[in-house]
Each structure stands twice: as C-alpha cells, then as structure tokens.
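This is the structure:
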C-alpha cells in the first residue's frame, strides 16, 4: 500500500507538471512548480503514510488537468476523464467535493451563457452523484455500528470567541507548516522577480 501511495504521488506530480506547462507554456516554470510541490513537508509526510489522501489528491490533479484541457479543446472525452477522476477522488476523500462543485458551477455558468445543454458531456455526472451519496450512506451505516476515529460532519465554532480562539491557534501553530522556510524564500524571490518584470514591461 505504501508503494501504491508513493506511485500515486508521483503520478500526481507528473500531472502537476503537465498542468503547469499547459497554463504557463514554459518547461522551466513547470519544473519549478513540480519541485516546489514535491518538496512540501506535508506532501512528503502524507506520501509516506498509509492514508488515502495522496491517491485522492493525485486523482483530483489528473481531473483538473483534463478539465483545463477540455476548456482549451472542448473535447467531451476530456470532461469525462475529469468526471471519472474527481468522482473516484471524492469517494475516498469527501473534501474533493469542493473542486467538483466548483467545476459544476463553472459549467452551469457556461450553460446559462450558451443557453444550451450538451447532455452527452454530462452523462457521468448523475452516476457520480448517486455513487457518492450511496457510499456516504454505506459509511454512515458502518460508523453507526463500529464508530469512527475521524470527523464525519462539520463542527463549526459555537460562538465568535471560540472562532477567534481557533483562528489564533491555527495561526500560531500551522501558519508556516505546509512549506519549509526554503519554499517561502523561493516564493518571495519569485514574486519580487515577477513584479520587476511587470514594471519593466510597462
């Protein structure tokens, strides 16, 4: 399973590179994005774990790449690949419903703008939504019998004081955890260089 997680992480990084190249249209910038992502301490930690987070993330990245490709080419099979990948990702990690809903919202705006629905494009959406809710129902049934170590519902702050305490705690303990100090310095340097180029262009 560890090998599976590591392999999934490598596939995810490969598609991060492809996505960066698609957006930035530059091999060196794409390579920088891959290096930046692959050396994140949190990414490395989870890639060596037995949790399904990295395989789900990899599937989501593959899906987003094919969605970008679909937006460029308008080939329906690319949208189908996106739907399949994001559908599999959200079955094991419910949080990946966020990019799924975001894409559906974008597609809804496209439908409103075009005043036409391409039914063949959305053929996989209904089975994915049904599968997701059936899987959630199955997990809830198992949780009711055996219990769970994980949160399975939203737990918002009960009042403004608790919200402030939680935000302060997050800022104090986790504000610089996702990346290393090298990442933050590299990000700052790249931002300064990019601003200099923008000023020089104008």
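Numbering (my numbering), first residue to last: -7 to 194.
Glycine residues also receive a C-beta, built at the ideal position from the N, C-alpha and C atoms.
Under 8 Å between C-beta atoms of residue i and residue j
{"i": "residue 15", "j": "residue 62", "result": "no"}
{"i": "residue 48", "j": "residue 74", "result": "no"}
{"i": "residue 12", "j": "residue 46", "result": "no"}
{"i": "residue 82", "j": "residue 124", "result": "yes"}
{"i": "residue 8", "j": "residue 25", "result": "yes"}
{"i": "residue 71", "j": "residue 113", "result": "yes"}
{"i": "residue 10", "j": "residue 57", "result": "yes"}
Coarse secondary structure for residue i, derived from DSSP in three states
{"i": "residue 151", "result": "coil"}
{"i": "residue 108", "result": "coil"}
{"i": "residue 146", "result": "coil"}
{"i": "residue 169", "result": "coil"}
{"i": "residue 61", "result": "helix"}
{"i": "residue -7", "result": "coil"}
{"i": "residue 17", "result": "coil"}
{"i": "residue 41", "result": "coil"}
{"i": "residue 135", "result": "helix"}
{"i": "residue 194", "result": "coil"}
{"i": "residue 30", "result": "helix"}
{"i": "residue 48", "result": "helix"}
{"i": "residue 140", "result": "coil"}
Neighbourhood of residue i by C-beta, 6 Å cutoff - its chain only, sequence neighbours within 5 removed
{"i": "residue 55", "result": "74, 77 and 78"}
Proximity to residue i [Cα-Cα], best of the options
{"i": "residue 42", "options": "-6, 129, 18 and 178", "result": "-6"}
{"i": "residue 33", "options": "178, 173 and 182", "result": "173"}
{"i": "residue 253", "options": "52, -2 and 4", "result": "Because the chain spans -7 through 194 in this model, residue 253 falls outside it and cannot be assessed."}
{"i": "residue 6", "options": "53, 21, 44 and 17", "result": "53"}
{"i": "residue 92", "options": "51, 111, 68 and 108", "result": "51"}
{"i": "residue 86", "options": "70, 128 and 102", "result": "128"}
{"i": "residue 177", "options": "3, 20, 106 and 28", "result": "28"}
{"i": "residue 66", "options": "31, 97, 165 and 102", "result": "102"}
{"i": "residue 120", "options": "96, 133 and 141", "result": "96"}
{"i": "residue 2", "options": "31, 137 and 17", "result": "31"}
{"i": "residue 140", "options": "131, 147, 90 and 148", "result": "131"}
8 Å Cβ shell around residue i - same chain, five flanking residues per side excluded
{"i": "residue 84", "result": "44, 47 and 48"}
{"i": "residue 135", "result": "144"}
Cβ of residue i within 8 Å of any chain D Cβ
{"i": "residue 82", "result": "No chain D is part of this structure, which consists of one protein chain only."}
Residue ranges of each alpha helix (DSSP H) within the stretch 63 to 116, 4 or longer: If we require 4 residues or more, the alpha helix (DSSP H) runs fully inside the stretch 63 to 116 come out as 68 to 84 and 89 to 106.
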